[in-house]
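Numbering (the working numbering), first residue to last: 7 to 655. Idealized CB from N, CA, C, for every residue including glycine. Everything below concerns the one structure shown next.
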């Protein structure tokens, strides 16, 4: 419905026909007002930006604009409806024009906005603008994906569908935004893509053909046995996660005794799976840590701010949503540990550059600490990448809603909630291709920074199809040596790392200034934003993760990246799933865990033998396997397996 509406708007108002791929001269649009004329100019700049590389023609570019405008409006309205269902927002979308929030707004505004439809649109825009402070990627009305808005008749039709009584209970479910994401593209479209080509022909086909919802039980199984297992081992089983993680597989020798002593005159009861104070019988969170094998106190527990979980094909962030719950428990237990063992008892060595102070010196008291935990989880622990910009919109929204729900349940008023930063969900989008803008930007840099910028953009070519599979962090030392240090070989020395960080900071600042200065040229702003997104992805790939969990794409490699992937991943080149697993293990620290749901055929087909021997057994060891069969991932005609690999020390 929204796609039809925006196609008509482009044709009738803006002189752009997605069906024919034609664009009228801006000066010929005499029937529109000044605001519409500005939108028409911006839409033309957006189209020019999308087609600059030559990989997309005008028809495809206009089709992309229609699709992006439609899913952005749908996601915004769905987000408001979900926020209402959680008590986070006064009724604004529910009941449409009769919504309580709008009725109050209309009474305050008086007759100044005249028509009800116009007044409602202005009201929604004001809500969007407020939420854009936390979620600019979705709610910024000046973003290229959010310039259009449905006219009154179309908006009422969409609101009627959103407010259908049959789906009312779904708005309170965390997974709803993921269902919207999955079903935005039809099964018929997916089938047509497969019929036309065995392998994906571009990044959109790669995304659409692999959009399969991960069932909640699979998410829990994989996160329980990766993140949950990591914390279980660190605490020797003295953790509330033991009770919370219903799919955590515990070995017999880990529960061999009914009780075992821990520090502080307490004991762990196997059945209650909690730390129990002997004197009062009060159930208390973690107060001591044990090693799994010896049941003896450890000297330090990881500071949870140093734990990092990545979903490299994050979709709507289902893995991250569940991991959020586990991280909340981990933070509570870490606070209790530090309270007992004192400042410095939490180990921050995995992230020394962050200069983390002890929790008790960072927060006035436990209440202040717990109030900040949702922000800490999003800004320190959860990372995601997707080749679909729509997925990144939705993933950021899902995590924001989860944080808001945590504050709401804890009774933290909106005015007392910390602002959530951008987080670490990144879209793998094409680097900007406009040659003139690249030259114009580089002219404002010193020669070496300009050379590094150009080489970095060349390095990021193919990003929309590759995502994290592009081993950008491996190429950085070579680029730095070429530009700043001169030629040579060897590892990424400290000087090279410093050179990159300093140069990147200068590039970020220059791109931000360029975007602001180029506001009169909207295309310049898009250019700078895409370049900044590329730098964010490079930064993410330079991180070292403790947990990688994923439902990766599988099957044939995209035609335009097949040779590049075969060269980079010779042991895994026959299937995308094998490459994703190998790359996930690369991004893990020693001892880290990877959890994945993929086709089960990789564990017995002869074509995967080298992958099994060199990657699954050579780099890691299998810890857990669930052979699930058909019918797991919606209409994906594949027998699935969910498994966990631990990277060798």
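Taking the Cβ atoms as the reference, residue 151 lies roughly 4 Å from residue 78, within the contact range of under 8 Å. A check of alpha carbon separations from residue 634 across 646, 625 and 626 identifies 646 as the nearest. Closest by C-alpha distance to residue 61, out of 511, 161 and 468, is 468. A straight-line Cα-Cα distance of about 6 Å links residue 387 and residue 313. Of the residues 568, 654 and 586, the one whose Cα lies closest to the Cα of residue 599 is 654.
Taking residue 67 as reference, the option from 82, 310, 51 and 80 with the minimal CA-CA separation is 51. Look at residue 17 here: in three-state DSSP terms it is helix.
For residue 647, the secondary structure class from DSSP, reduced to helix, strand or coil, is strand.
With distances taken between CA atoms, residue 608 lies nearest to 587 out of 63, 109 and 587. In this structure, the straight-line span from the alpha carbon of residue 113 to that of residue 330 is close to 40 Å.
Here the stretch 80-93 does not lie against the stretch 567-584, with fewer than 3 beta-carbon pairs under 8 Å apart. Counting only runs of 3 or more residues that sit fully inside the stretch 520-608, the beta strand (DSSP E) segments are 551-556 and 594-605, in chain order.
The alpha-carbon separation between residue 223 and residue 74 amounts to approximately 31 Å.
In the same chain as residue 57, and ignoring 5 residues on each side of it, the C-beta atoms closer than 6 Å to its own belong to 67, in chain order. The Cβ atoms of residue 393 and residue 479 lie no closer than 8 Å to each other. When the Cα atoms are used, residue 177 and residue 638 turn out to be separated by approximately 23 Å.
Ranked by Cα distance from residue 436, the first of 34, 538, 521 and 400 is 538. Judged by DSSP in its simplified three-state form, residue 326 adopts helix. Taking the C-beta atoms as reference points, residue 555 is found no nearer than 8 Å to residue 247. Counting C-beta atoms within 10 angstroms of its own C-beta, residue 585 has 16 or more neighbours from the protein chains shown and is therefore classed as buried. Straight-line spacing of the CA atoms in residue 575 and residue 230 works out to 29 Å. A Cβ-Cβ separation of about 5 Å places residue 605 in contact with residue 560 under the 8 Å criterion. Across the structure, residue 235 and residue 338 are spaced so that their CA atoms are roughly 17 Å apart. When the alpha-carbon of residue 81 is set against those of 94, 99 and 370, the nearest one is in 99. Contact annotation: residue 553 and residue 232 have beta-carbon atoms nearer than 8 Å. Rounded to whole angstroms, the Cβ separation of residue 8 and residue 54 is 24 Å, and the two are not in contact under 8 Å. C-alpha of residue 357 to C-alpha of residue 18: approximately 55 Å in a straight line. Between residue 160 and residue 11, the CB-CB gap stays under 8 Å. For a cut-off of 8 Å, the C-beta gap from residue 127 to residue 135 is around 13 Å, too long to register as a contact. For residue 85, same chain residues with a beta-carbon under 6 Å away, outside a window of 5 residues either side, are 403 in chain order. Comparing C-alpha distances from residue 444 to each of 513, 260, 476 and 579 shows the shortest one belongs to 513.
With fewer than 16 other Cβ atoms from the protein chains shown falling within 10 Å of its own Cβ, residue 175 counts as exposed. A contact is defined here as three or more CB-CB pairs under 8 Å, and the stretch 370-387 meets this definition with respect to the stretch 404-421.
Considering only 370, 311, 130 and 316, the residue with the shortest C-alpha distance to residue 354 is 311. Nearest C-alpha to residue 63 among 33, 36, 95 and 26: 26. When DSSP states are grouped into helix, strand and coil, residue 389 belongs to the strand group.
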